[in-house]
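Numbering-wise, the sequence shown is residues 310 to 775 according to my numbering.
Where a beta carbon is used, it is the ideal one built from N, C-alpha and C, also for glycine.
The block underneath contains the structure these notes are about, expressed in structure tokens.
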Amino acid sequence: MMRRFSLLIAFLFCIDHVAWLEAIGNHNWSSLFNNNPSENWVVLAAGSNTWENYRHQADVYHAYQIVRQNNVPAQNIITLAYDDIANNPRNPFKGKVFHDYDHEDVYNGVIIDYRGNDVTRDNFVNVLKGDKKLEANRKKVLKSGPNDNVFIFYSGHGGTSYINFLKEYLLAMELNDTLAYMHSNKMFKKLVLYVEACHSGSMFKDVLPSHMGIYTTTSTKEDEPSHSLFCSDKDIDVCLADEYSYAWVIDSEFHEEDLWQFSHRRCAVAPKQSNRLLYVRNFSLSFQPGSPVLSQRDIKETSKRLGAIGEDIKKRTLDEQYTYVKKHTAFSHVMKYGEMAMGSLPVGKFQGHYDLLMHRNDGAIEPIAVDRRPSGQGHLFSKSRRLMDAATEEEHETAWRKLQRVLQRVAVVSESPTGRCSGAVRYGADSKPQVSRPESLCSYSKEVLDTTDAQYRGNRLSDDKE
Numbered sequence: 310m311m312r313r314f315s316l317l318i319a320f321l322f323c324i325d326h327v328a329w330l331e332a333i334g335n336h337n338w339s340s341l342f343n344n345n346p347s348e349n350w351v352v353l354a355a356g357s358n359t360w361e362n363y364r365h366q367a368d369v370y371h372a373y374q375i376v377r378q379n380n381v382p383a384q385n386i387i388t389l390a391y392d393d394i395a396n397n398p399r400n401p402f403k404g405k406v407f408h409d410y411d412h413e414d415v416y417n418g419v420i421i422d423y424r425g426n427d428v429t430r431d432n433f434v435n436v437l438k439g440d441k442k443l444e445a446n447r448k449k450v451l452k453s454g455p456n457d458n459v460f461i462f463y464s465g466h467g468g469t470s471y472i473n474f475l476k477e478y479l480l481a482m483e484l485n486d487t488l489a490y491m492h493s494n495k496m497f498k499k500l501v502l503y504v505e506a507c508h509s510g511s512m513f514k515d516v517l518p519s520h521m522g523i524y525t526t527t528s529t530k531e532d533e534p535s536h537s538l539f540c541s542d543k544d545i546d547v548c549l550a551d552e553y554s555y556a557w558v559i560d561s562e563f564h565e566e567d568l569w570q571f572s573h574r575r576c577a578v579a580p581k582q583s584n585r586l587l588y589v590r591n592f593s594l595s596f597q598p599g600s601p602v603l604s605q606r607d608i609k610e611t612s613k614r615l616g617a618i619g620e621d622i623k624k625r626t627l628d629e630q631y632t633y634v635k636k637h638t639a640f641s642h643v644m645k646y647g648e649m650a651m652g653s654l655p656v657g658k659f660q661g662h663y664d665l666l667m668h669r670n671d672g673a674i675e676p677i678a679v680d681r682r683p684s685g686q687g688h689l690f691s692k693s694r695r696l697m698d699a700a701t702e703e704e705h706e707t708a709w710r711k712l713q714r715v716l717q718r719v720a721v722v723s724e725s726p727t728g729r730c731s732g733a734v735r736y737g738a739d740s741k742p743q744v745s746r747p748e749s750l751c752s753y754s755k756e757v758l759d760t761t762d763a764q765y766r767g768n769r770l771s772d773d774k775e
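Here it is as structure tokens:
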């Protein structure tokens, strides 16, 4: 009897020991030594649709790959994307989305929680608030708590004191109210927010307080446009990325400075299927040869020679990433707002499992100046390139007519008053607004924006039907 009891004790000990070793193998230290472990939560949102806005979804899909490769659990990532790019009739690479000329798919494996017409301003806000009604409808929402860190990334269109969700406008006041709600309801320990949009600095300047544990960076100041990248891919014929977004994603994936210096601003990387020496056309879109272009193979071979190794994200800080992104965002002013002391925190506390090394990329593409475009002009450059590439008189006439429509559309939008929804909202220690913006001012701004947006979309739809 005693022998059986001893064997039973030994058996139970072995089972417990195996479980302990398995937990160690999975880096699950917090489950062993902490009864209330912290978690990382991520919200990724692309605020646009249609083929011309390819880059916004590509930004978000690449960001998804980064946080997954850095071991943020899929169940802790919430993704909003219209999902009309990968299988778009105009996509020559069906089921794939690229973020640069290397043509590496960033779409595969992405789990989209809100797609199509579910990509709305209200759904985004309610996701952040952990809305119980959405959860009851089996939709994913933030379920973070006071010990958790939250990372939010938005890529889309914007203007003074608003960002877009398709045809809707999320005003700066509403976004800051949402962040204040999250703070007062203890939905995070620390929160980091990256925003890619024109005039994105206006969402936080003189509004976001410095005491709520929130650190945000934006692609632009409050009064300038953002810029697109990789706009000369003839196969895809749209811009593949945004300048700020590509910079932070590449920094998180692979930040070896020597490689970026090797692939300096006078060089670009050609699509990897090209086997000959290519030349960059100048900004006027003429056919005069410019700087030689390095092949992706050359860049990767150089990376190997340099012995490039990804940095431990326990050491890479938010301020270091901000400085890097600011340096590599050439045509707008990257800004930061909120609690500046958070800049010393590791990137890994928000974009990955804190105990793991940053994912290593095989190489980074440094876009040249002529390959950058103001985000609002991507469609214009696409039409211009089609005009130059026209092989017959009929193709030339069609391309010219479409370019003229785009130019007329730009004139309509630039001459339309956009209004301003700015005001003096401030937050006290209780995270509640002390002064609200006049609702009439916000409503007027939105009414004008709706009119301008309807004109723009109507022209674009008639253009695409031809």
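- Listed in chain order, the non-local C-beta contacts of Ala367 below 8 angstroms within the same chain comprise Ile394, Val406, Phe407, His408, Val415, Leu549, Ala550, local neighbours out to five positions each way being set aside.
- Taking C-beta atoms as the reference points, Ala481 and Met521 fail to come closer than 7 angstroms.
- For the pair Phe402 and Asp544, the Cα-to-Cα distance works out to about 9 angstroms.
- Annotation for Ile461: Val352, Leu502 place their beta carbon closer than 6 angstroms to its own, counting only its chain and skipping 5 residues before and after.
- The DSSP-derived three-state label of Gly468 is strand.
- Counting along the chain, no alpha helix (DSSP H) covers Val428, and no H or E run does either.
- In the DSSP annotation of this structure, the continuous segment of the beta strand (DSSP E) that includes Ser537 starts and ends at 536 to 538.
- In the structure shown, Tyr391 adopts coil according to DSSP, grouped into three states.
- A distance below 6 angstroms between beta-carbons, with the five flanking residues on each side excluded, links Gln374 to the following residues of its chain, in chain order: Val415.
- Sequence-distant Cβ neighbours of Leu437 in its own chain, meaning closer than 7 angstroms and more than five residues away, are Val352, Leu451, Thr487, Met491.
- Our two residues, Glu505 and Thr529, have alpha carbons roughly 8 angstroms apart in a direct line.
- Judged by DSSP in its simplified three-state form, Phe460 adopts strand.
- In this structure Gly418 is exposed. Its beta-carbon is surrounded by fewer than 16 other beta-carbon atoms within 10 angstroms.
- Taking a C-beta distance under 7 angstroms as the contact criterion, Glu533 and Ser641 qualify as a contact pair.
- Between Ser554 and the set Ser541, Cys540, Thr527, the nearest pair of CA atoms involves Thr527.
- The residue among His536, Asn494, Ala489, Asp546 with its C-alpha nearest the C-alpha of Pro518 is Ala489.
- In this chain, Lys476 is not harboured by any alpha helix (DSSP H), its DSSP state being neither H nor E.
- The DSSP-derived three-state label of Glu348 is coil.
- DSSP, read as helix, strand or coil, puts Gly454 in coil.
- Straight-line measurement puts the Cα of Arg625 at about 8 angstroms from the Cα of Gly657.
- Only residues of its own chain outside the window of five on either side were considered, and among them Leu627 have a CB closer than 6 angstroms to the CB of Leu654, listed in chain order.
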